[in-house]
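**Q**
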Amino acid sequence: MRRREFITLAGSTAVAWPLAARAQQPAMPVIGYLDSKAAAASCYQVEAFRKGLNDAGFAEGRNVEIEFRWAEDQLDRAPALAADLVRRRVAVIVTEGSTAPDAKVATSTIPIVFVSGVDPVERGIVTSLNRSSGNVTGVSFFAAPLSPKRLELLHQLVPKPAVIGLLWDPNLLNSETQLRDVEAAASALGREMMIVKAGTESEFDAAFATIVQAGAGALFVGTGPFYVSRRRQIVALAARHALPASYFLREFVVAGGLMSYGTSITDAYRQVGVYAGRILKGEKAGDLPVVLSSKVELVVNLTTARTLNFELPPALLARADEVIQ
């Protein structure tokens, strides 16, 4: 072989080596994130999810990518969004209870990690909490079972003769079952409740007007992702009508609500991030038990109480996990 030919061959081989090495490097894994709400209403959840990923050794942009799909409170969009993530061939799909069934229909092979405020077994998302089997696992924070205790706390805040208005989303999963539980708790406390349903944004003004006209002395806000998405609107209406209100998540109180009692949804999303990271490292979703998020917190907003000229009982303040000044 002539010297010039050898140099040319060697040079071309040297160029090919790094190209081949790059071609052999595994592509960065992609997590598909499917949510029924709007992105603007879910920033705190995404932040908590990223925290869990970091705890598991993954950082967005460094060794993992995230593809977000938002249904903007239109659940009929969820099946197409889930199918789009499957076509994208993501490594894991992270979703919530209301969209988990759509993800489950879209794929039986891609691992799915959900976060849900309702019983995932009763909902049919998994067959067992201990060993979910298949390609689905997740975290349940069971918001509804805490409603009776939350109602008891509101009962301590308002005079017994006053009617308690109940704002309820009729589109909520297992809505009737949850409603019966709250009504039973009210009956046990000897409290009269007025149930007003609002399942769309346009129904909120009329719902609050009905509650106020009935002479309600307090407001009990039902659970569900739609109400989370519209929490600022609900809190603003409660303030406009001077209604002391009880909510199921801390995020309502951060937005200006008076009091919340419930499981920490941010802790639940952090745990979902950890699970997604474990799956990226090779664990199977079906081998991971569904986590029951146990961090329950009572949060009160003193600024809101002062605005309402409402004095919070010292015993309640003493047991609060967080007091927002």
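If you're matching positions, the sequence shown starts at 641 in this note's numbering and goes up one per residue.
The C-beta atom is built at its ideal place from N, Cα and C for all residues, glycine as well.
1. Can you name, in chain order, every residue of its own chain whose Cβ lies under 7 angstroms from the Cβ of Arg717, other than the five neighbours on each side?
2. Going by beta-carbon coordinates alone, are Phe888 and Gly897 separated by less than 8 angstroms?
3. Quick check on DSSP: helix, strand or coil for Val734?
4. Write down every uninterrupted run of the beta strand (DSSP E) in the stretch 814–887 whose length is 3 residues or greater and which is fully enclosed by it, in chain order.
5. Let me make sure I understand the geometry here. Which of Arg831, Leu883 and Thr850 has the alpha-carbon closest to that of Ala838?
6. State the beta-bridge partners of Asp675 as determined by DSSP.
7. Starting from the Cα of Glu937, find the closest Cα among Ser773, Asp927, Ala958 and Met833 and give me that residue.
8. Rounded to whole angstroms, what's the CA-CA distance from Glu891 to Glu923? Just pull it up for me.
9. Spatial neighbours of Ala858 within its chain, please: C-beta separation below 6 angstroms, excluding the five flanking residues on both sides.
10. Decide if the stretch 739–757 is in contact with the stretch 665–680; the criterion is three or more beta carbon pairs, one per stretch, under 8 angstroms apart.
11. What does the Cβ neighbour count give for Ser768, buried or exposed, with the cut at 16 atoms within 10 Å?
12. By the three-class DSSP mapping on this structure, what secondary structure does Leu889 have?
13. With a cut-off of 8 angstroms on the beta carbons, I'd call Thr863 and Leu812 a contact; round off their distance for me.
14. Put Gln664 into one of helix, strand or coil per three-state DSSP.
15. Does the beta-carbon of Lys744 have 16 or more other beta-carbons within 10 angstroms, so that it is buried, or is it exposed?
16. Evaluate contact between the stretch 912–927 and the stretch 940–949, counting only Cβ atoms and requiring at least three cross-stretch pairs below 8 angstroms.
17. Got a sec, what are the start and stop residues for the alpha helix (DSSP H) Asn694 sits in?
18. Quick check: what's the CA-CA separation for Val868 versus Phe781?
19. Look at the alpha carbon of Gln665 and the alpha carbon of Val776, and state the distance between them as a whole number of angstroms.
20. Could you pull out every residue in the same chain whose Cβ sits closer than 8 angstroms to the Cβ of His881, ignoring the five residues on either side in sequence?
21. I need the boundaries of the alpha helix (DSSP H) containing Ser787, first residue and last residue.
22. Taking the C-alpha atoms as reference points, what is the distance between Ser738 and Ser815?
23. What separation, rounded to the nearest whole angstrom, lies between the Cα atoms of Ile765 and Ala746?
24. Just to confirm my understanding: we take Ala661, look at its own chain, exclude 5 residues before and 5 after, and list those with CB closer than 8 angstroms. What are they?
25. Need the endpoints of the alpha helix (DSSP H) that Glu762 sits in, please.
26. Whole angstroms is fine: what's the gap from Ala722's alpha carbon to Ser904's?
27. When we look at the beta-carbon of Thr597 and count the other beta-carbons within 10 Å, is it buried (16 or more) or exposed?
28. List, from N- to C-terminal side, the alpha helix (DSSP H) runs of 4 residues or more that fit wholly inside the stretch 898–945.
29. DSSP three-state call for Thr947: helix, strand or coil?
30. Kindly list the residues whose CB is nearer than 8 angstroms to the CB of Leu928, restricted to its own chain and excluding five residues on each side of it in sequence; keep chain order.
31. What span of residues does the beta strand (DSSP E) with Leu725 cover, start to end?
32. Do Ala908 and Val726 have their CB atoms nearer than 8 angstroms?
33. For Val745, which of helix, strand or coil comes out of DSSP?
**A** A quick look at the data gives this:
1. Ala711
2. no
3. strand
4. 833–837, 856–861 and 885–887
5. Thr850
6. Trp710
7. Ala958
8. 32 angstroms
9. Leu794, Val798, Ile804 and Pro884
10. yes
11. exposed
12. coil
13. 7 angstroms
14. Only weak support exists for where Gln664 lies, its pLDDT of 43 falling under 50; the coordinates are left without a value.
15. buried
16. no
17. Cys683 to Asp695
18. 14 angstroms
19. In this predicted model, Gln665 has a pLDDT of only 44, less than 50, meaning its place in the structure is not dependable; the value taken from the coordinates is given anyway. Rounded to whole angstroms, Gln665 to Val776 spans 28 angstroms at the Cα level.
20. Phe848, Ile851 and Val852
21. Ser787 to Leu797
22. 13 angstroms
23. 13 angstroms
24. Residue confidence is low: Ala661 scores 40 on pLDDT, short of 50, so the model does not pin down where it sits. Its coordinate-derived value is still stated next. Counting only Cβ-Cβ distances below 8 angstroms, and skipping sequence neighbours, we find nothing.
25. Pro760 to Arg763
26. 26 angstroms
27. Nothing about residue 597 can be read from this structure; the chain reaches only from 641 to 965.
28. 905–920
29. helix
30. Ser772, Thr777, Tyr915, Arg918 and Ile919
31. Not the beta strand (DSSP E): Leu725 falls in the alpha helix (DSSP H), residues Ala718 to Arg727.
32. no
33. helix
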